[in-house]
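Protein chains in written order, with our numbering: chain A, 17 to 360; chain B, 10 to 324.
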Amino acid sequence: MTRYIIRRILQAIPLLFIISLILFLLMRSTGDPLAMMGGRRATRPEDRERLARQLGLDKPLYVQYLYWLIGNDWTKIDMDGDGVAETPGDRRGVVRGEFGTSMVSRGRPVLEMIWERLPNTLILMIPAEVIIILFSLAIGVYSALRQYSFVDHLVTALSFVGYSMPIFFIALVSMYIFAVNFKRWGLPYLPTVGMFDPQVGKTTGQVLLHMVLPILSMSVISIAGYSRYVRSQMLEVIGEDYIRTARAKGLPRRMVITGHALKNAALPLVTIVGLDIPLLLGGAVVTESIFAWPGMGRLFIDHVSRADTPVVMGILMLISVAVVVSQLVTDIVYAWLDPRIRYT
Amino acid sequence: METAIESPIAAVPEELEAPPLTPRELVWRRFRRHKMAVAGVFMLILLLLYSVAGAFVFPESYANLTETGARLQPPSAAHPFGTDTVGRDILARTIYGGQISLLIGLFAVVVEVIVGVLIGAIAGYYGGWIDSVLMRFTEAMFNVPQIFLLLVMARFFAGKIPTVQFLGRTFSGSVIVIILIIGMTSWMYLARIVRANFLSLKEREFVLAAHTTGTTNLAIIFQHILPNSMAPIIVAATLGVASAILSEAYISFLGLGVQPPTATWGNMLDGAYNYIESAPWLWAFPGMLIVLTVLSINFVGDGLRDALDPRTLAQ
Numbered sequence: 017m018t019r020y021i022i023r024r025i026l027q028a029i030p031l032l033f034i035i036s037l038i039l040f041l042l043m044r045s046t047g048d049p050l051a052m053m054g055g056r057r058a059t060r061p062e063d064r065e066r067l068a069r070q071l072g073l074d075k076p077l078y079v080q081y082l083y084w085l086i087g088n089d090w091t092k093i094d095m096d097g098d099g100v101a102e103t104p105g106d107r108r109g110v111v112r113g114e115f116g117t118s119m120v121s122r123g124r125p126v127l128e129m130i131w132e133r134l135p136n137t138l139i140l141m142i143p144a145e146v147i148i149i150l151f152s153l154a155i156g157v158y159s160a161l162r163q164y165s166f167v168d169h170l171v172t173a174l175s176f177v178g179y180s181m182p183i184f185f186i187a188l189v190s191m192y193i194f195a196v197n198f199k200r201w202g203l204p205y206l207p208t209v210g211m212f213d214p215q216v217g218k219t220t221g222q223v224l225l226h227m228v229l230p231i232l233s234m235s236v237i238s239i240a241g242y243s244r245y246v247r248s249q250m251l252e253v254i255g256e257d258y259i260r261t262a263r264a265k266g267l268p269r270r271m272v273i274t275g276h277a278l279k280n281a282a283l284p285l286v287t288i289v290g291l292d293i294p295l296l297l298g299g300a301v302v303t304e305s306i307f308a309w310p311g312m313g314r315l316f317i318d319h320v321s322r323a324d325t326p327v328v329m330g331i332l333m334l335i336s337v338a339v340v341v342s343q344l345v346t347d348i349v350y351a352w353l354d355p356r357i358r359y360t
Numbered sequence: 010m011e012t013a014i015e016s017p018i019a020a021v022p023e024e025l026e027a028p029p030l031t032p033r034e035l036v037w038r039r040f041r042r043h044k045m046a047v048a049g050v051f052m053l054i055l056l057l058l059y060s061v062a063g064a065f066v067f068p069e070s071y072a073n074l075t076e077t078g079a080r081l082q083p084p085s086a087a088h089p090f091g092t093d094t095v096g097r098d099i100l101a102r103t104i105y106g107g108q109i110s111l112l113i114g115l116f117a118v119v120v121e122v123i124v125g126v127l128i129g130a131i132a133g134y135y136g137g138w139i140d141s142v143l144m145r146f147t148e149a150m151f152n153v154p155q156i157f158l159l160l161v162m163a164r165f166f167a168g169k170i171p172t173v174q175f176l177g178r179t180f181s182g183s184v185i186v187i188i189l190i191i192g193m194t195s196w197m198y199l200a201r202i203v204r205a206n207f208l209s210l211k212e213r214e215f216v217l218a219a220h221t222t223g224t225t226n227l228a229i230i231f232q233h234i235l236p237n238s239m240a241p242i243i244v245a246a247t248l249g250v251a252s253a254i255l256s257e258a259y260i261s262f263l264g265l266g267v268q269p270p271t272a273t274w275g276n277m278l279d280g281a282y283n284y285i286e287s288a289p290w291l292w293a294f295p296g297m298l299i300v301l302t303v304l305s306i307n308f309v310g311d312g313l314r315d316a317l318d319p320r321t322l323a324q
């Protein structure tokens, strides 16, 4: 097992390297970060030249990538434009834990910007994941136990609809119902924008209230998909011999379902949760931009449209690492839960 | 003369003479039994009619006609779906937007299938270091959630492709960009299926037979192995149309997709959340059309999966 984990980690390193190379090349050719620097007015040509030199944008792409990856403190760079490299570099590069500074928000370290936003994304993602697991288990088991009943057919139809909806449409409809119409009908209504009401301040209650609609929009699609999955797993498990044995020895129905069937049917859900992390992160981009939620997804959109390579690359690498780690953890947890699986 | 053609077989009772069903007939028979899939096909035909026949009712210039005097009007007899923020008729825009959205869905899948099949087939057939390199690349692309790749690539290609004339209409370059980037960010799953199929099929006798008769590698890949792994490709491609339409909607919704005045169901929703309260017709109609289309395609894909499953082929 330990050897398996070590091998997987070693395999992840070239993978992350390829990802970073592809994304860096794409990102650095997306546009001109200098164009937006002077605020509203266009950057003057002489400023542009100086800024490009200071930020290292005048170098060929592979040098820029090298500086980003391993830093430039081992070499000298030309700062004053006389063609002689005289100033020693001060960047340490991604492999040594420095993600550089933002080009748009001048001088702010990328890591600081990400750490500031990451908790906001996590407080949406973690409850969403918990809700997704609980609801898809409940719905899946319920409709499996009543296979081909009216409720089962209804759930099937609804899950197909839910699975076919784009997140933003769920968000728009739920905003329309729970915020606009509830307000119109004089019912207590939910807020739609931001993390808290600026007039009340950032209290726990406010944040919780503002979390409801984003989490709803993020989880509907996954619940629709996974409840189908749990249902089919459950149906498969119910037909197994050990369930018949449990019934035959006279265990109460509830025991058979929760103790024997559910435990085995829920197992494969572990793999899904691991795979769900990229999906949720993607969902966060859309959800955060609709609900004006100050998370990482919004940070990404804001900076990708201004060609701010260091910030965008920082977020993308963080996500890639998260995906690699979550896949590894999923495999380990699954092997630990299901003794039939052995990795070598 | 005519009597001479009569063969003794004709005397055999009809039910005994009925030839065995071809695989194609079997698939069609099973597909027909899948009620939701048939309903999905029916819905898709209606949606196609809506966006194609509708073009004969309203000219495209009408769909792009801005009438600032009639901004944000609720649905009425003159504008059954209302008007948008610059006074364009939403009904006409959903018609032309539908054409573009469906077009993007179809062509993005064409790109996806070409890239996915090529990479999967080459990796699976040749194996060795080619396989490792291609699969590492596939894995790397798989690792970053699609929406992030789409946004980065949308920026990368923005403004690099000029407008084109096609079928007597002008398409903004952004339509082609969107088709390309959706295709180029969604082929990984397909490549894996194709590779797995090739890995098992290339060991079979008919491939060996082809080798011994001196068939070239290219012919073996495309004429012998590929036709035998069509079923999963067809299913994945069908479902791919649905997710391509969704992807288009996502990037256009985030403002990096197809640029106005060309309408798509996705970019009609861009900025609609500012009017959630005052003008729900802005987002309700294009949104519902997206959901209907994706839902129907998913039903069809589901039906095809059941119908093409070789495990049920004997029934």
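Beta carbons: idealized from backbone N, C-alpha and C, even for Gly.
At 7 Å on the CB atoms, spell out the chain A contacts of residue i, in chain order.
i, result
"B/Arg42", "The premise fails here: B/Arg42 is roughly 16 Å from chain A at the closest Cβ pair, so nothing lies under 7 Å."
"B/Ala253", "Result: empty, since nearest Cβ-Cβ is about 12 Å, beyond 7 Å."
"B/Trp292", "Leu188"
"B/Glu148", "Leu31"
"B/Pro83", "Within chain A, no residue comes near B/Pro83; the closest Cβ sits about 15 Å away, beyond 7 Å."
Kindly indicate the opening and closing residues of the alpha helix (DSSP H) around residue i.
i, result
"B/Pro289", "Where B/Pro289 is concerned, there is no enclosing alpha helix (DSSP H), given that its DSSP letter is neither H nor E."
"B/Ala167", "Premise fails: B/Ala167 is in no alpha helix (DSSP H) and is neither H nor E."
"A/Arg162", "Segment: none, A/Arg162 is in no alpha helix (DSSP H) and carries neither H nor E."
"A/Pro294", "Leu285 to Ile306"
"B/Asp318", "Looking at the DSSP string, B/Asp318 is not in any alpha helix (DSSP H), and its letter there is neither H nor E."
"B/Ser181", "Premise fails: B/Ser181 is in no alpha helix (DSSP H) and is neither H nor E."
"A/Thr18", "Thr18 to Arg44"
"A/Tyr350", "Thr325 to Leu353"
"B/Val267", "Counting along the chain, B/Val267 falls outside any alpha helix (DSSP H), and DSSP gives it neither H nor E."
"A/Thr220", "Thr220 to Ile254"
"A/Gln70", "Pro61 to Leu71"
"A/Gln80", "Leu77 to Ile86"
"B/Trp37", "Pro32 to Arg42"
"B/Ser256", "Met239 to Phe262"
Could you name the residues that DSSP lists as bridge partners for residue i?
i, result
"B/Thr273", "Answer by DSSP bridge pairing: none, since B/Thr273 is not bridged."
"A/Pro104", "A/Lys92"
"A/Pro125", "A/Thr117"
"B/Thr92", "B/Asp98"
Kindly indicate which residue of the options has the alpha-carbon position closest to the one of residue i.
i, options, result
"B/Leu81", "B/Ala218, B/Pro289 and B/Leu304", "B/Pro289"
"A/Val349", "A/Gly290, A/Thr91 and A/Phe151", "A/Gly290"
"A/Ala277", "A/Glu256, A/Trp201, A/Thr220 and A/Thr287", "A/Glu256"
"A/Gly109", "A/Ser36, A/Trp201 and A/Glu132", "A/Ser36"
"A/Ile331", "B/Phe157, B/Arg39 and B/Ile109", "B/Phe157"
"B/Gly96", "B/Met297, B/Met277 and B/Ile202", "B/Met277"
"A/Leu39", "B/Phe165, B/Leu53, B/Ala64 and B/Trp37", "B/Phe165"
"B/Ala272", "B/Ile170, B/Glu148, B/Gln108 and B/Met150", "B/Gln108"
"B/Thr172", "B/Ile187, B/Asp98, B/Val250 and B/Ala240", "B/Ile187"
"A/Leu344", "A/Arg19, A/Arg24 and A/Glu102", "A/Arg24"
"B/Leu111", "B/Ala46, B/Ala251 and B/Leu35", "B/Ala251"
"A/Thr325", "B/Phe146, B/Pro68 and B/Val161", "B/Val161"
"B/Ile123", "B/Asn152, B/Ile242, B/His233 and B/Trp138", "B/Ile242"
"B/Phe146", "A/Asp89, A/Pro30 and A/Arg200", "A/Pro30"
"A/His169", "A/Met129, A/Phe198, A/Arg247 and A/Val196", "A/Arg247"
"B/Gly106", "B/Gln232, B/Met239, B/Ser85 and B/Leu56", "B/Leu56"
Measure the CB-CB distance between residue i and residue j and report whether it falls below 9 Å.
i, j, result
"B/Phe207", "B/Ile230", "yes"
"B/Met193", "B/Val120", "yes"
"A/Val209", "A/Phe307", "yes"
"B/Ile260", "B/Ala163", "yes"
"B/Ala253", "B/Ala62", "no"
"A/Asp94", "A/Arg112", "no"
"B/Leu291", "B/Ile99", "yes"
"B/Ile113", "A/Phe185", "no"
Whose Cβ in chain A lies nearer than 8 Å to the Cβ of residue i?
i, result
"B/Leu160", "Val301, Phe316, Ile317 and Val320"
"B/Val300", "Val177, Ser180, Met181, Pro182 and Phe185"
"B/Ala281", "Leu188"
By the criterion of Cβ-Cβ separation under 8 Å, what are the contact partners of residue i in chain B?
i, result
"A/Gly298", "Pro154, Gln155, Ile156 and Phe157"
Find the residues of chain B that neighbour residue i, judging by a C-beta separation of less than 9 Å, and give them in chain order.
i, result
"A/Phe176", "Met45, Leu304, Asn307, Phe308 and Asp311"
"A/Ala323", "Arg164"
Beta carbon of residue i: closer than 8 Å to some heavy atom of the ligand GDP?
i, result
"B/Pro68", "Although the ligand GDP was asked about, the structure shown includes no ligands whatsoever."
Which residues in chain B have a C-beta closer than 7 Å to the C-beta of residue i? List them in chain order.
i, result
"A/Leu42", "Val161, Met162 and Phe165"
Residue i touches chain A at which residues, Cβ-Cβ below 9 Å?
i, result
"B/Tyr259", "Pro182, Ile183, Phe184, Gly298, Val301 and Val302"
"B/Leu278", "Pro182, Phe184, Phe185 and Leu188"
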